[in-house]
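Engineer:
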Amino acid sequence: METPSRFQPQERTILRSLLHSGLPFYLWVAGLGGLFLWGIRAYTVQLQEGLAATGMRDYVSWGLYITNFVFFIGISHVGALMSAILRISGAAWRKPVTRMAEAITFSSLFFGALMPIVDLGRPDRIWHLLVYPRIQSPIVWDFVCIFTYLIGSTIFLYLPMIPDVALLRDDLSQAKGWRYRLYSILALGWRGMPDQHRSLERAMSVMAVLIIPIAVSVHTVVSWIFGMTLRPGWNSTIFGPYFVMGALVSGAASVVVAMAAFRRFYHLEEYITLKHFRNMALLVLALDLIYIYFNIAEYLTVGYKMEEAERGLLYTLLGGEYALAFWLVQIGGLLLPALLFILPEVGAVERIRRVPLLRPWPLAAAASISLAAMVLLVTQGPTQTGVDFGSLGSSLSWAVALLLALLVISTLPALRAHRILAYVLGAGLIVIQAWLKRYLIIVPTLLSPYLPIQDPRIEWTTYIPTWVEWSITLGAMAGFVLLYTLFSKLFPIVSIWETREEEPRPAVTHYSREREAEA
Amino acid sequence: MPERHTVSRRQFLKLSALAAGAAALGRGVLSRFAQTMEGTASQVRALLPAFVADAKTLGRLIGQDGRELQPVPPSPRSAPQRRKWVMVIDLARCDGCGRCTEACTAMHMVPFGQEWIKVYRMKDNAAAGAYWFPRPCMQCDNPPCVAVCPVDATFKREDGIVLIDQDRCIGCRYCMAACPYSARSFNWAEPPHSLAELARSYSMELNIPHRKGVVEKCIFCPGLVREGQLPACAAGCPMGAIYVGDELEDTVTNSWGETTRFSELVHQGGGYRYLEELGTEPRVYYLPHRDHQYPMPETAGQIEQQRG
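Residue numbers (my numbering), protein chains in the order written: chain A, 1 to 519; chain B, 1001 to 1308.
(1) Determine whether the beta carbon atoms of CYS1233 of chain B and ALA1103 of chain B lie at a separation below 7 Å.
(2) At the 7 Å Cβ level, is TYR291 of chain A part of the contact set with chain B, yes or no?
(3) Sort A:ILE73, A:SER89 and A:TRP398 by Cα distance to ALA247 of chain A and report the nearest one.
(4) List, in chain order, every chain B residue whose beta-carbon is nearer than 8 Å to that of VAL60 of chain A.
(5) In terms of DSSP beta bridges, what is GLU1216 of chain B paired with?
(6) From the beta carbon of ALA466 of chain A, is the nearest beta carbon of chain B less than 7 Å away?
(7) Have a look at SER1203 of chain B and GLY475 of chain A and give me their C-alpha separation to the nearest angstrom.
(8) Given this structure, state the Cα-to-Cα distance separating THR1040 of chain B from GLN1064 of chain B, to the nearest angstrom.
(9) Per DSSP, what kind of secondary structure is LEU15 of chain A in: helix, strand or coil?
(10) Three or more beta-carbon pairs under 8 Å between the stretch 411-419 of chain A and the stretch 23-41 of chain A, yes or no?
(11) With a Cβ-Cβ cutoff of 7 Å, do ARG1135 of chain B and VAL1151 of chain B count as a contact?
(12) Let's test the definition: count the other Cβ atoms within 10 Å of the Cβ of PRO1192 of chain B and tell me whether it reaches 16, buried, or not, exposed.
(13) Pair every Cβ in the stretch 14-22 of chain A with every Cβ in the stretch 261-270 of chain A, then say whether three or more of these pairs are closer than 8 Å.
(14) In or out: ALA1147 of chain B buried (at least 16 other Cβ within 10 Å) or exposed?
(15) For the beta strand (DSSP E) that contains ILE1242 of chain B, what are its first and last residues?
(16) So SER495 of chain A and LYS95 of chain A are supposed to be a Cβ contact under 8 Å. How far apart are they, rounded?
(17) If I measure Cβ to Cβ from GLU1158 of chain B and keep anything under 6 Å in the same chain, skipping five residues before and after, which residues do I get?
(18) Expressed to the nearest angstrom, what Euclidean distance is found between the alpha-carbon atoms of ALA166 of chain A and ILE214 of chain A?
(19) For VAL1146 of chain B, which three-state DSSP category applies?
(20) Under the three-state reduction of DSSP, which class applies to ARG1121 of chain B: helix, strand or coil?
(21) Could you tell me which chain A residues have their CB closer than 7 Å to the CB of LYS1217 of chain B, listed as they occur along the chain?
(22) Name, please, each residue of chain A whose Cβ falls closer than 9 Å to the Cβ of ARG1168 of chain B.
(23) Does the stretch 272-289 of chain A come within contact of the stretch 106-113 of chain A, defined as at least 3 CB pairs closer than 8 Å?
(24) Under 8 Å, CB to CB, which of the residues in the stretch 1178-1195 of chain B have a partner in chain A?
(25) 7 Å is my cut-off, CB to CB: does PHE1275 of chain B come that close to chain A?
(26) CYS1172 of chain B to ASP119 of chain A, Cα distance in whole Å?
(27) Could you name the residues that DSSP lists as bridge partners for PHE1133 of chain B?
(28) Please name the residue or residues paired with SER1203 of chain B in a DSSP beta bridge.
(29) Taking a contact to mean a Cβ-Cβ separation below 7 Å, would you say GLY121 of chain A touches GLY1271 of chain B in this structure?
(30) Taking 7 Å as the threshold (C-beta atoms), are PRO337 of chain A and LEU429 of chain A in contact?
(31) Rounded to the nearest angstrom, what separates MET280 of chain A and ALA208 of chain A at their Cα positions?
(32) Can you find the residues in the same chain that come closer than 7 Å, C-beta to C-beta, to LEU482 of chain A, ignoring five residues on each side of it along the sequence?
(33) Just the chain A side, please: which residues come within less than 8 Å of GLY1213 of chain B by C-beta, in chain order?
(34) Could you work out which residue in A:ILE342, A:MET245 and A:TRP234 is closest to ILE441 of chain A when comparing CA atoms only?
(35) What first and last residue would you give for the beta strand (DSSP E) that runs through MET1087 of chain B?
(36) Under three-state DSSP, which class holds ILE331 of chain A?
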C-alpha cells in the first residue's frame, strides 16, 4: 500500500483541527490550565500543613484522593476495551473512535497513578516502594499492574499512530517547523512498505492480546486493595469482577462524551456518525445492565442476611446519611441511562406528545419543587444509625419519584428526535455515577468499622472534604481533560489510515470479513 | 543462502550476549562469596586475642589492633528471644476510669488526640448490661496491618509485638483501613513536641519523637517488658484489670502484684479474644464482665462525665 502525500477531503477536517485553533480553544486551554495550576497550589498547601489540610481523620483515612484514583483507573479501561476487545472481535466500526479511547486511557492512567502519591503522608519516601517492596501488599500489586498497563497502553496508543504521523510528516515537509521534527522522529522512518505494514499488524495483534489480561488485572487489584481487608462492605468476593465491570462501563461512557465533543468542536460529522453513537450506546447499555446486575448481587446478598457488622453500613447507604447519593447512583446513574438508551428507540414514544398531562415544563417545575422539599426533609431528619424506612416510604417520596418518572417520559419524544443527545446524556450520567459510586464504596465503609466510633470530636466522626481536596480533585480532572485536549492537537484524534482502509477497495479476505461484521 | 547467513549471525550475537551476561553474573556471585569468606576469617582472628586476658582487658573483647570490640547493637527489629508477650484484660474489674490511657499517653508522649489504649463503652445487645472495654493494639499473630503494608514498615516480631518503623512508613494508611480494631492513628499534622521528647533520639521501641505523616499505635511498651516491667497501661491501672506476661512462661502479672498462670486465668475465667471470628489471632484476651464489682456505664451521659 502506497502512502499518498495528499489527504482526502474529509481528512482535511482532521488536519485543520490539528493546525488551526480559534480563540475558544485557547480560552478552554487557559481555563483548564488555570484549574490545574490551582490544584498544584492546593497541593503545596497540603505539603506544608500535612494531610491535616484535608478533611480526612483517623476513621475516614481515605477520601477524595482514593475516590479519584479508582475513578481514573476505571475510566482508563476503555482503551483495552475499544482497541483490543473490539479489534479481536473484528468490529470494524470501532476504527474512528479507537484513538479517542486509547488517549483517554493514557491521560486518565497518568492522573490516576498520581492520586495515591497525593494521598501519601510522606510523599518524600515514595522511593521506599521501589527499595523495600513487599509483594504481599495489594498496593505493590497495584504499583506493578498500573505501570505495566501505562507502558502497554502507551505502546498500543503509539503503534497505530505511526502511519498517521508519517502522513503528517510528509504533508509538513515543506513547512519544517517543530511539528515536522516531532513527526519525523515519531514516524520511525515509516514509508508504508508492505513489510512495514506486516510488522505493524503483527505488533498490534500481539499487543491486543497482551493488553486485555493486563487491563483486567489492573482494576482487579485496585478492587483488591479494598477486597483484601476485613472491613464490612469491602470484605467481598465479587469485588474484582464488580470493579472491572464498573470500570468498563464508565470508560465506555466517557468515550461517548468525548465522541460528541470532538464531533461538535472538530467538525468530525463525516467520521463519527449516528451509527457509531448507536453502537457505542449498545455497548454501554450492555455493560450498564451487567453492572446493575453486579450491584444487585453485591447489596442483596448482604442485605438479605443483615449480618451485624454489615447492617450499620447498609442502613447508612439505603436509608441513612448516604441514602440520597446511593439512590442517585442506582436510579439516576445506572437505571436512567439504560432507559435513555432504550426508550427513544421505541416507536410508540411518538404518541406521548399527544398526552396533554405530559408537558415537560410544568412537570419539571413540580418535580424540582418536590425534590427540593424532599432533600430538605432528608437532611433535616434524624440521621442515626437506625434507619427510618417510614419516612423513606412516605407518600412524598413516592410522589417525587412519580413526577420524575413522568418527567423522563415526557422528554422521550424530544430525545427520539435527537438520539445523540439522549446517548450523551445517558453516558454523562454514567460518568458522574462512576465517581460518586467510588466515593460511596470508600467513605461510608470507613465510617462503619467493627468497633463503634466513640469520639466526641465531630470532625473526626464525619468526613467533609476541605477546599484543598476539592481543588486538587478539580485540578486533576482539569489536567486530565487538558492532557487529552493537547493530545488531540498534536495527533489526529481519528486514525486516518485505519479509517481510509474502510474505503471500497479490491476484496481482500481479511477486510471483507470485517465489513461483514459491520453490516 | 544470504538469509541463512543473517540468522546465524543473529544467533551468534544472542549467544555472545548471553555468555557475557552469564560471566558478569558469575563474577558477581563469586566476588560476594569471597567477601564472606574474608569477613569470617577476620572475625576469627579478631576474637582470638580476647582469651589472652590481663587485668585491664578482663571480660572484654579486644581486637587485633588493641581496641576494645563493642558488642553489635541489636537490630531495632530483633526481639528478646523465647518470649511471647500476652495481655489479659479482666472486664469485670474495669471501671472505665481511663487511667490506662493517661499512663500510656504520658509514657509514650502520645500526640494530642490519639488514644493508643482507648476505653470503649460496649453493650452487646439490648438485654445485656453495658460494660467498659479497654482496647489496646491486639498484637495479632495474623496481623492484617502487617500483611498489607507495602514497604515492610510495620512488622511482627518474634516476641509477638507488632511495631512500626517510622523511618520507613510512607503514610499510605492502608494498615489503618485493614485494622478491624481501629487501633491505629495517623499524625495528620506535625505533632506538638515537648522538649523532653525532642531530646530523645528516635527509637522504634518508644516511637519517640513523633513525626508528621506516619502511622502510630500501641506497641506493648517493648522497652519495659524487655526489662521485666509491666507496660504503662497495666502498671497504671488502679483496678489491676490488665495482666501482662509471657505466654511461654505461662505467667501474667497485674498492677496489684497478682501473678497467676496465664492458662488458668483464661481457661477458668472464660477468656475470649475480640472478633475471634476474623482469624486475626489477637494476643490480647478478655475476661467477661460477669459479676463485676465496679460501676458499669449505664447511660451515654456517663461516658462524658467519666472522661471529663
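Just so you know, even glycine gets a beta-carbon here, dropped at the ideal spot from N, CA and C.
Structural biologist: Straight from the coordinates:
(1) Result yes, Cβ atoms of CYS1233 of chain B and ALA1103 of chain B sit closer than 7 Å.
(2) It does not: the Cβ of TYR291 of chain A has no partner Cβ on chain B nearer than 7 Å.
(3) Comparing alpha carbon positions, the residue from A:ILE73, A:SER89 and A:TRP398 closest to ALA247 of chain A is A:ILE73.
(4) What VAL60 of chain A touches in chain B: nothing, since even the nearest Cβ is about 10 Å away.
(5) For GLU1216 of chain B, which the question treats as bridged, DSSP gives the partners B:SER1185.
(6) Before going further, note that residue 466 of chain A is Thr rather than Ala in the sequence given. At a cut-off of 7 Å between beta-carbon atoms, THR466 of chain A makes no contact with chain B.
(7) Approximately 39 Å, taken between the alpha carbons.
(8) At THR1040 of chain B, the pLDDT of 43 sits below 50, so the modelled position is not reliable; the number obtained from the coordinates is stated separately. The alpha-carbon separation between THR1040 of chain B and GLN1064 of chain B amounts to approximately 15 Å.
(9) In the structure shown, LEU15 of chain A sits in a helix (DSSP, three-state: H, G or I).
(10) Fewer than three beta-carbon pairs drawn from the stretch 411-419 of chain A and the stretch 23-41 of chain A are found closer than 8 Å, and the two stretches are therefore not classed as touching.
(11) With contacts defined as CB atoms closer than 7 Å, ARG1135 of chain B and VAL1151 of chain B fail to qualify as a contacting pair.
(12) Classified as exposed, PRO1192 of chain B has fewer than 16 neighbouring CB atoms from the shown chains inside 10 Å of its CB.
(13) Judged by Cβ distances under 8 Å, the stretch 14-22 of chain A makes contact with the stretch 261-270 of chain A, as three or more pairs qualify.
(14) Label assigned to ALA1147 of chain B: buried.
(15) First-last of the beta strand (DSSP E) with ILE1242 of chain B: 1242-1246.
(16) Right, their Cβ atoms sit about 6 Å apart.
(17) Excluding residues within five positions, the ones whose Cβ falls inside 6 Å are ALA1079.
(18) Rounded to whole angstroms, ALA166 of chain A and ILE214 of chain A show a C-alpha spacing of 29 Å.
(19) Looking at VAL1146 of chain B - three-state DSSP - the assignment turns out to be helix.
(20) In this structure, ARG1121 of chain B counts as strand in the three-state DSSP scheme.
(21) Correct list: empty, because the minimum Cβ distance to chain A is about 11 Å.
(22) Going along chain A in sequence order, the residues near ARG1168 of chain B (Cβ under 9 Å) are ARG125, HIS128 and TYR132.
(23) In short, these stretches do not touch, since the Cβ pair count stays below three.
(24) If the cut-off is 8 Å between Cβ atoms, the stretch 1178-1195 of chain B has ALA1178, PRO1180, TYR1181, SER1182, ARG1184, SER1185, PHE1186, ASN1187, TRP1188, ALA1189 and GLU1190 near chain A.
(25) Before going on, a small fix: residue 1275 of chain B reads as Leu here, not Phe. The beta-carbon of LEU1275 of chain B is placed less than 7 Å from the nearest beta-carbon of chain A.
(26) Going by the C-alpha atoms only, they are around 7 Å apart.
(27) B:TYR1120.
(28) In the DSSP output, where bridge partners are listed per residue, SER1203 of chain B has B:ILE1208.
(29) No, Cβ-Cβ distance for GLY121 of chain A and GLY1271 of chain B is not below 7 Å.
(30) Taking 7 Å as the Cβ cut-off, LEU429 of chain A and PRO337 of chain A qualify as a contacting pair.
(31) Going from the Cα of MET280 of chain A to the Cα of ALA208 of chain A covers about 19 Å.
(32) If we look at LEU482 of chain A and ignore the five residues flanking it on each side, its Cβ neighbours are VAL29, LEU32, GLY33 and PHE36.
(33) Result: GLY50, LEU51, LEU120, GLY121 and ARG122.
(34) When C-alpha distances from ILE441 of chain A are compared across A:ILE342, A:MET245 and A:TRP234, the shortest belongs to A:TRP234.
(35) MET1087 of chain B -> beta strand (DSSP E) spans 1085-1090.
(36) Of the three classes helix, strand and coil, the one that applies to ILE331 of chain A here is helix, per DSSP.
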